[in-house]
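Okay, structure first, notes after.
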Amino acid sequence: MTDIKAALRAQRIETPSWAYGNSGTRFKVFAQQGVPRDPYEKLADAAQVHACTGIAPTVALHIPWDKVADYADLARHARELGVGIGAINSNVFQDDDYKLGSVTNPDPAVRRKATDHLLECVDIMDATGSDTLKLWFSDGINYPGQDDLRARQDRLAESLAEVYDRLGEGQRFLLEYKLFEPAFYATDVPDWGTAYAHCVKLGPKAQVVVDTGHHAPGTNIEFIVAFLLREGRLGGFDFNSRFYADDDLMVGAADPFQLFRIMYEVIRGGGLTDEVAFMLDQCHNIEPKIPGQIRSVMNVQEATAKALLVDRDALAAAQAAGDVLGANAVLMDAYNTDVRPLLAELREEMGLAPDPMAAYAGSGYFEKIAAERVGGQQAGWGA
Ligand code: PSV
Ligand code: MN
Numbered sequence: 001m002t003d004i005k006a007a008l009r010a011q012r013i014e015t016p017s018w019a020y021g022n023s024g025t026r027f028k029v030f031a032q033q034g035v036p037r038d039p040y041e042k043l044a045d046a047a048q049v050h051a052c053t054g055i056a057p058t059v060a061l062h063i064p065w066d067k068v069a070d071y072a073d074l075a076r077h078a079r080e081l082g083v084g085i086g087a088i089n090s091n092v093f094q095d096d097d098y099k100l101g102s103v104t105n106p107d108p109a110v111r112r113k114a115t116d117h118l119l120e121c122v123d124i125m126d127a128t129g130s131d132t133l134k135l136w137f138s139d140g141i142n143y144p145g146q147d148d149l150r151a152r153q154d155r156l157a158e159s160l161a162e163v164y165d166r167l168g169e170g171q172r173f174l175l176e177y178k179l180f181e182p183a184f185y186a187t188d189v190p191d192w193g194t195a196y197a198h199c200v201k202l203g204p205k206a207q208v209v210v211d212t213g214h215h216a217p218g219t220n221i222e223f224i225v226a227f228l229l230r231e232g233r234l235g236g237f238d239f240n241s242r243f244y245a246d247d248d249l250m251v252g253a254a255d256p257f258q259l260f261r262i263m264y265e266v267i268r269g270g271g272l273t274d275e276v277a278f279m280l281d282q283c284h285n286i287e288p289k290i291p292g293q294i295r296s297v298m299n300v301q302e303a304t305a306k307a308l309l310v311d312r313d314a315l316a317a318a319q320a321a322g323d324v325l326g327a328n329a330v331l332m333d334a335y336n337t338d339v340r341p342l343l344a345e346l347r348e349e350m351g352l353a354p355d356p357m358a359a360y361a362g363s364g365y366f367e368k369i370a371a372e373r374v375g376g377q378q379a380g381w382g383a
């Protein structure tokens, strides 16, 4: 139990700055009270998640959503709040120029613009002390014949190589794949295999990030996790939950058992370290934002605790003996354990309240931001 508690105490989960702004679906963005007006206020909200959970000390930025005049000053502000800047997420999907793609666009001028943005993100890493660049490309085509599938891979490789060469000591990039959306016929980085192949060609500073909402229904995500870890190419996660497509719901909401299976493979593969970034990528469209993030952090923590409880010796023995039911029972015993008392105890040992949701509700923070953040332009897309 001491080992399990030590592992849980050391766990780090990163929250996304964009989770604190207004978001929604393409049908409606519902505005909420107290929502941040700028990146400084987003960091203040993220600091509340860390204060209540004790395991969310970094915040991912998204550029240009979090564009500021002075990034070193933003990083200083974060430090004062007790948090740090995590991954820098690039955004080459929201300009009109990117209608036919960004780094895979047939027009070299658009490709140049997109790659320059990625290089600018590395400058922001330098200024904030971030060690991770996250690359997701909305690039793809909607109709067969619209563009040359193979040429688009060449253009992607060329841009990735330029960004790779710009990375400094201790910096890396994570390449994110997504099966579909916004492109509906062919996406240029549709799956882990494509991302992996590009990363292997580039070198060790290029790794794959697994967004749990980006697969076809029924995909065995824990297999992908096991494989990438085995190859040393699992850079991190964008955790969120989905019932249908890329729903971006609270982590563990749709399928807590899948989250447990993923965390088991992480632990089995020695991935519960700072080498793998455990990030959340979710957008709350109806639930309150800060408690929504707290719930997600707690769900990852619960899945981790259950995965740590798996009796690995008993499992190995059952597997070696070909005991199908016995092996499955070892996993299920761990999954069916109520770890909430253990986590409450751990939090008290860490000087935290045993129940982060109750701690936040009782903190008065929401009442404070709702009263103070009046006027100005709320952060978010479309709000
Ligand atoms: C794309 O769907 C994605 O998962 C990428 O990580 C983007 O940066 C993010 O969503 C924006 O919310
Ligand atoms: Mn993502």
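Under full-length UniProt numbering, the first residue of the sequence shown is numbered 1, with each subsequent residue one higher.
Where a beta carbon is used, it is the ideal one built from N, C-alpha and C, also for glycine.
Given the structure is predicted, the values throughout are model-derived calculations rather than measurements.
Who are the Cβ neighbours of K306 in its own chain at under 7 Å, not counting the five residues just before and after it?
F260, A334, Y335, T337 and V339
Three-state secondary structure (DSSP) of A78
Helix, per DSSP.
According to DSSP, is D238 part of a helix, a strand, or is it coil?
Residue state, collapsed to three classes: strand.
Roughly how many angstroms separate the alpha carbons of D139 and F27, rounded to a whole number?
22 Å
Give every residue whose Cβ lies closer than 5 Å to any heavy atom of the ligand MN, listed in chain order.
D211, D238 and D281
Does DSSP put Q377 in a helix, in a strand, or in coil?
For Q377, the secondary structure class from DSSP, reduced to helix, strand or coil, is coil.
On the three-state DSSP scale, how would you describe K134?
strand
Opening and closing residue of the alpha helix (DSSP H) in which V225 lies
I221 to R230
Coil, strand or helix - R172 by DSSP
The answer is strand: DSSP assigns R172 an E or B state.
Ignoring anything shorter than 4 residues, give me the alpha helix (DSSP H) runs that lie fully in the stretch 305-360, in order along the chain.
312-320, 324-335 and 340-349
Quick one: is A44 near chain C, going by C-beta distance under 8 Å?
Here chain C cannot be found, since the structure has a single protein chain.
Specify whether the stretch 277-286 and the stretch 236-245 touch according to this definition: at least 3 beta carbon pairs, one from each stretch, less than 8 Å apart.
yes
If contacts are defined as beta-carbon pairs under 8 Å, then N22 and A10 qualify, I think. What distance do you get, rounded to the angstrom?
With a Cβ gap of about 34 Å, N22 and A10 do not count as contacting.
Confirm the yes/no value for this check: CB of N22, any heavy atom of the ligand PSV, distance under 7 Å.
In this structure, the C-beta of N22 stays at least 7 Å away from each heavy atom of the ligand PSV.
Should K306 be listed as close to the ligand PSV, given that the test is whether its C-beta is under 7 Å from any heavy atom?
no
Helix, strand or coil, according to DSSP, for V122 in the structure here?
helix
Contact belief for H62 with S17 at Cβ below 8 Å, rounded distance in angstroms
6 Å
Quick one: is the Cβ of E176 within less than 7 Å of any heavy atom of the ligand PSV?
yes
Helix, strand or coil for A371? Go by DSSP, reduced to three states.
helix
Could you give the uninterrupted runs of the alpha helix (DSSP H) lying entirely in the stretch 11-66, keeping only those of 4 residues or more?
39-53
Local Cβ density within 10 Å of M1, reported as buried at 16 or more and exposed below that:
Under the 10 Å beta carbon count, M1 is surrounded by fewer than 16 other beta carbons and is classified as exposed.
Applying the criterion that 16 or more other CB atoms from any shown protein chain within 10 Å of the CB defines a buried residue, is N89 buried or exposed?
Label assigned to N89: buried.
G382 versus F93 - alpha carbon distance:
Any reading at G382 is ruled out, since the residue's pLDDT is 47, under 50, leaving its predicted position unreliable.
Span of the alpha helix (DSSP H) holding G193?
Per DSSP, the continuous alpha helix (DSSP H) segment holding G193 begins and ends at W192 to L202.
Simplified DSSP state of F278, which is helix, strand or coil
Here F278 sits in strand by DSSP.
Following a CB-centred definition, is C121 positioned closer than 7 Å to any heavy atom of the ligand PSV?
no
Given Q301 as reference, the closest of T25, D355, A44 and D313 once Cα atoms are compared:
D355
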